[in-house]
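Student:
Numbering (full-length UniProt numbering), first residue to last: 1 to 612.
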C-alpha cells in the first residue's frame, strides 16, 4: 500500500468517525503495528520503508547462488514452506477497513450506556485480536495476535506492551536478511524452519560463512553448523575455506576428537593457516605453541587417535562354531577391529541384511541354523534400543536388500527353506508395512542388491540349479524389472557388490566350481563390463561396503580354508587392493554396514569394556 493510498484511507476513516457520534470512544483508528522501530534498529536489521512494488523488484534481482547461505534461494524455500513468499510486512489494524464496510449499519448495540452499530462492534472486537500481513501483490493474510504473541516475545511486547500509534508502519526487507529479521523478532518456529533449509542447502564453500553469521543470530543453528565443520573438515581443507576461521576456532578444532583429518594433514593445515593469517609475528602464538607441543604419534589429540567419522559394522554371520550375533567395528583411524557390547538383534543370524536409514539399522531376514527368518528388527541409533517391526511376506535367507530412499527398503530373492525366490517386496518405513512388488525375471538367492539413483540392481545369485551371470534392475516408478543387455564376465553366487563414483562394482563369489577373487565393474550409462585387479584371496558370502572412497571386503568363505576373517580394501585410483586389520572372529555370511557422522560411533569404537 502506498503512502498516498494510506493517507486517503485514514482521511476517509476520520470523516466517517466524525459522522458517527454514537461510536464507542475506544474504537481505535489502528491497532498496534508490527513494531515501533528506531533508526538504529532499522539500520541493524537493514529495514527500509518502501512500497511493495519496489521491494518486489529488488527481490527479483537477488542472486540464487547457494554459496551465500542466506541467499534468496534458501529463504524462498523457507518462505514457501510457510506459504509466505513475501517482500514486505504490514501489521495493521483491520478496524479501518471494517469501518468502511460497516459504518452505515443501522442495527444498534448499547455498551456501557453508549450506542454502537452492532456490526461495527462485532468487527471491532474481532479486530482487537487480529492483525493483517500485506504481502507483495497486495495479498492480505490475517493473523491471530494471541497465537503470534505465544510464539514470539517480540510480538507479545508489540501487541500487549502498551505501544500505540495512529498510523501503521510499512516494513520491507531483503529476503537475504530474513534470518536477521526472524532472530530479531524471536519467532522460534520460523527460525527452526530457516535453520533446516540452511542446513540442507549449505555446502563446503559457504559453511564457514554460514557458521559465523549464525553465531550471533541463532545459537542452535551455529552449533549444528560447527558440528558439520568438524566432521567434514577435509572438505574445508580441500577448498581452503578453513583459512577464514579464527585462531581460537582452529585451536578448538585441533582438540576435538571428531575432527576429520589425520595427524599429517593437521600439521600441514596449521602451518598453512599461520602463513596465511600471521600478518605480524605477534599473531598465532597459541597455534605456534600447540605445534611445538604436538605428539608425533597421535597428533594434537591428547590421549589416543581421534574418533573416525565413518565406521563399518560387521554383524552376525557364520563362524566355525555356528551362527553368531557378534558386532565388530572397523576403526580405520586406529587401524583395528573393535568388538562391541551393543547388539543389533537378540538372536544369532547369518545370510541377513542390515540397512542404515540414518537413525535406525534394520536387520532383515537371515537364518540361525534352524529357523529361516521373515522378521525385521529395528535398532535405534539414538537410544540404542532394538525392537521388532513389521515382518516380510516371505521368509528370506540369502536375501539381498537396499535403501531405495529414506522411507523405503527393498528386499529381493532369497531362500525360504523350500524354494529359491524371485519375489521382492518393499518396506514403507513410516507406515511400518511391507508390500509386494513385481517379481524378478529369475529366481535369485545368494545374489546381491545395490541401489544407485533410486534404482535397485539385482546381481548374480543361484536359482537352485545354476549360478547366474545376469543383472537386472527395478524401476519403482513403473514397478517393473529390466534385464541388462550385457552379463557379467563370470557366473557369481555369494557375490559382493557396491556402488562408487557412478559405477556398479562386483567382486568374488562362486561360479559353480570354485571361489572367485576376480573383480569387474560396469558404468550403466556405457553398458559394458570392465575387469579390475583381483582381490588378494578368493572368497564368497562375504561382507562388502564403501568406506572413505574405497571398497572394503571382510570375511567370507574361502573354499578349502573355510571361513576367513581377512579384510582388504580396493582403491580405484591405484587399482590396488590394500590389506586391512583382520577381524577377531573368522566368519562368512556376515553383513557390513556403514555409519557416518553419528554420535553412536564412539560407543562402537570406544566401548566401556571389550566383549569376549
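Heads up, the beta-carbon is just placed ideally off N, CA and C, and yes, glycines get one too.
Fair warning: this is a prediction, and the values are worked out from it, not measured in the lab.
Could you check where the alpha helix (DSSP H) with residue 231 kicks off and where it finishes?
Tutor: Here residue 231 refers to the residue found at position 231 of the chain shown. Start and end: 219-231.
Student: With a CB to CB cut of under 6 Å and the five nearest residues on each side skipped, what residues in its chain are close to residue 446?
Tutor: Here residue 446 corresponds to residue number 446 of the chain shown, with the count starting at 1. Only 398, 461, 462, 493 and 494 meet the Cβ criterion.
Student: In terms of residue numbering, what span does the beta strand (DSSP E) encompassing residue 452 cover?
Tutor: Locating residue 452 in the chain shown gives position 452, where the first residue counts as 1. Residues 448-452.
Student: If you follow the beta strand (DSSP E) that residue 546 is in, where does it begin and where does it stop?
Tutor: On the chain shown, residue 546 is found 546 positions in, with the first residue counted as 1. From DSSP, the beta strand (DSSP E) with residue 546 extends over 543-547.
Student: Can you round the beta-carbon distance between residue 613 and residue 414 to whole angstroms, since I take them to be within the 8 Å contact cut?
Tutor: For residue 613 there is no data in the structure shown, the boundaries of the chain being 1 and 612.
Student: Spell out a yes or no on whether the region 420-436 and the region 382-396 are touching, meaning 3 or more CB-CB pairs, one atom from each, closer than 8 Å.
Tutor: With a cut-off of 8 Å, the region 382-396 and the region 420-436 count as touching, because enough Cβ pairs lie within range.
Student: Can you tell me which residues form a DSSP beta bridge with residue 377?
Tutor: Within the chain shown, numbered from 1, the residue matching residue 377 stands at position 377. Paired residue(s): 363 and 388.
Student: Using the three-state DSSP reduction, which class does residue 142 fall into: helix, strand or coil?
Tutor: The residue you call residue 142 lines up with position 142 of the chain shown. Strand at residue 142.
Student: Pull up the CB-CB distance for residue 458 and residue 449, whole angstroms please, since I reckon it's below 8 Å.
Tutor: As a working mapping, residue 458 is identified with position 458 in the chain shown. As a working mapping, residue 449 is identified with position 449 in the chain shown. Contact holds; Cβ gap of about 6 Å.
Student: By the three-class DSSP mapping on this structure, what secondary structure does residue 277 have?
Tutor: For the purposes of this step, residue 277 is taken as residue 277 along the chain shown, with counting starting at 1. Helix.
Student: Return the first residue and the last residue of the beta strand (DSSP E) that residue 435 is part of.
Tutor: By 1-based counting over the chain shown, the position of residue 435 is 435. 433-436 is the span of the beta strand (DSSP E), which, as asked, contains residue 435.
Student: Under the three-state reduction of DSSP, which class applies to residue 550: helix, strand or coil?
Tutor: Stepping through the chain shown from its first residue, residue 550 is reached at position 550. Residue state, collapsed to three classes: strand.
Student: With a Cβ-Cβ cutoff of 8 Å, do residue 508 and residue 540 count as a contact?
Tutor: In the chain shown, the residue the question calls residue 508 occupies position 508. In the chain shown, the residue the question calls residue 540 occupies position 540. Result yes, Cβ atoms of residue 508 and residue 540 sit closer than 8 Å.
Student: What are the boundary residues of the beta strand (DSSP E) that includes residue 568?
Tutor: In the chain shown, residue 568 corresponds to position 568, counting from 1. Run containing residue 568: 567-571, per the beta strand (DSSP E) assignment.
Student: On a Cα-Cα basis, can you pick out the residue from 497, 411, 322 and 352 that is closest to residue 315?
Tutor: By 1-based counting over the chain shown, the position of residue 315 is 315. Among 497, 411, 322 and 352, the Cα nearest to that of residue 315 belongs to 352.
Student: Roughly how many whole angstroms lie between the Cα atoms of residue 546 and residue 477?
Tutor: Working through the chain shown from its first residue, we reach residue 546 at position 546. Working through the chain shown from its first residue, we reach residue 477 at position 477. Taking the straight line joining both Cα atoms gives about 27 Å.
Student: Since I believe residue 251 is in contact with residue 204 (beta carbons under 8 Å), could you give me their beta-carbon distance rounded to a whole number of angstroms?
Tutor: Residue mapping note: residue 204 aligns to position 204 of the chain shown, counting from 1. Residue mapping note: residue 251 aligns to position 251 of the chain shown, counting from 1. Contact flag wrong, Cβ pair sits at about 21 Å.
Student: Excluding the 5 residues preceding and the 5 following residue 425 in the sequence, name in chain order all residues of the same chain whose CB lies nearer than 8 Å to its CB.
Tutor: Your numbering for residue 425 matches position 425 in the chain shown. Cβ neighbours of residue 425 beyond the five flanking positions: 392, 393, 394, 410, 411, 434, 435, 436 and 437.
Student: Considering only residues of the same chain and omitting the five flanking positions on each side of residue 599, which have a CB-CB separation below 6 Å?
Tutor: Within the chain shown, residue 599 is the residue found at index 599, counting from 1. Nothing listed; no residue qualifies.
Student: Exposed or buried, residue 482, counting other C-beta atoms within 10 Å across all chains shown (16 or more means buried)?
Tutor: For this step, residue 482 is matched to residue 482 along the chain shown. It counts as exposed.
Student: Which one of 322, 329 and 239 has the shortest CA to CA distance from residue 347?
Tutor: One-based indexing of the chain shown puts residue 347 at position 347. It is 322.
Student: Following the continuous beta strand (DSSP E) through residue 242, name the residue where it begins and the one where it ends.
Tutor: Against the chain shown, residue 242 aligns to sequence position 242. First-last for residue 242: undefined, no H or E at that position.
Student: Look at the Cβ atom of residue 510, then the Cβ atom of residue 467, and state whether they are nearer than 8 Å.
Tutor: One-based indexing of the chain shown puts residue 510 at position 510. One-based indexing of the chain shown puts residue 467 at position 467. In this structure, residue 467 lies closer than 8 Å to residue 510 by Cβ.
Student: Considering just the uninterrupted stretch of the beta strand (DSSP E) at residue 455, what are its terminal residues?
Tutor: Taking the chain shown and counting its residues from 1, the one referred to as residue 455 is at position 455. Per DSSP, residue 455 belongs to the beta strand (DSSP E) from 455-459.
Student: Since I believe residue 359 is in contact with residue 583 (beta carbons under 8 Å), could you give me their beta-carbon distance rounded to a whole number of angstroms?
Tutor: Here residue 583 is taken as the residue at index 583 of the chain shown, counted from 1. Here residue 359 is taken as the residue at index 359 of the chain shown, counted from 1. Not quite, the Cβ-Cβ distance comes to about 27 Å (not below 8 Å), so this is no contact.
Student: With distances taken Cα to Cα, identify the nearest neighbour of residue 194 among 218, 488 and 151.
Tutor: Your numbering for residue 194 matches position 194 in the chain shown. Nearest C-alpha to residue 194: 218.
Student: Which residues does DSSP list as the beta-bridge partners of residue 480?
Tutor: Stepping through the chain shown from its first residue, residue 480 is reached at position 480. The partner list for residue 480 (beta bridge, DSSP) reads 475.
Student: Give the C-beta separation of residue 586 and residue 565 to the nearest angstrom, bearing in mind that I take them to be a contact with Cβ-Cβ under 8 Å.
Tutor: Position 586 of the chain shown, counted from the start, is the residue given in the question as residue 586. Position 565 of the chain shown, counted from the start, is the residue given in the question as residue 565. Right, their Cβ atoms sit about 4 Å apart.
Student: Just checking my contact of residue 443 with residue 422 at CB under 8 Å: how many whole Å lie between their CB atoms?
Tutor: For this step, residue 443 is matched to residue 443 along the chain shown. For this step, residue 422 is matched to residue 422 along the chain shown. About 5 Å; that satisfies the 8 Å criterion.
Student: Return the Cβ separation of residue 312 and residue 500 in integer angstroms, given the expectation that the two are a contact with Cβ distance under 8 Å.
Tutor: Within the chain shown, numbered from 1, the residue matching residue 312 stands at position 312. Within the chain shown, numbered from 1, the residue matching residue 500 stands at position 500. About 14 Å separates the two Cβ atoms, so there is no contact after all.
Student: So, residue 208 versus residue 259, is the Cβ gap smaller than 8 Å?
Tutor: Locating residue 208 in the chain shown gives position 208, counting from the first residue. Locating residue 259 in the chain shown gives position 259, counting from the first residue. No, Cβ-Cβ distance for residue 208 and residue 259 is not below 8 Å.
Student: In terms of residue numbering, what span does the alpha helix (DSSP H) encompassing residue 601 cover?
Tutor: Along the chain shown, read from residue 1 onward, the residue named residue 601 stands at position 601. Per DSSP, residue 601 belongs to the alpha helix (DSSP H) from 601-605.
Student: Which term fits residue 538, buried or exposed, when burial requires 16 or more other beta carbons within 10 angstroms of its beta carbon?
Tutor: The sequence position of residue 538 within the chain shown is 538, counting from 1. So residue 538 counts as buried.
Student: With a Cβ-Cβ cutoff of 8 Å, do residue 581 and residue 567 count as a contact?
Tutor: Residue 581 sits at position 581 when you count from the first residue of the chain shown. Residue 567 sits at position 567 when you count from the first residue of the chain shown. Taking 8 Å as the Cβ cut-off, residue 581 and residue 567 qualify as a contacting pair.
Student: With residue 192 as the anchor, note down where its alpha helix (DSSP H) starts and where it stops.
Tutor: As a first step, residue 192 is located in the chain shown; it is residue number 192 there, counting from the start. Start and end: 188-201.
Student: Here's the rule: buried if 16 or more other CB atoms are within 10 angstroms of the residue's CB, otherwise exposed. What is residue 479?
Tutor: Along the chain shown, one-based indexing puts residue 479 at 479. Exposed is the call here.
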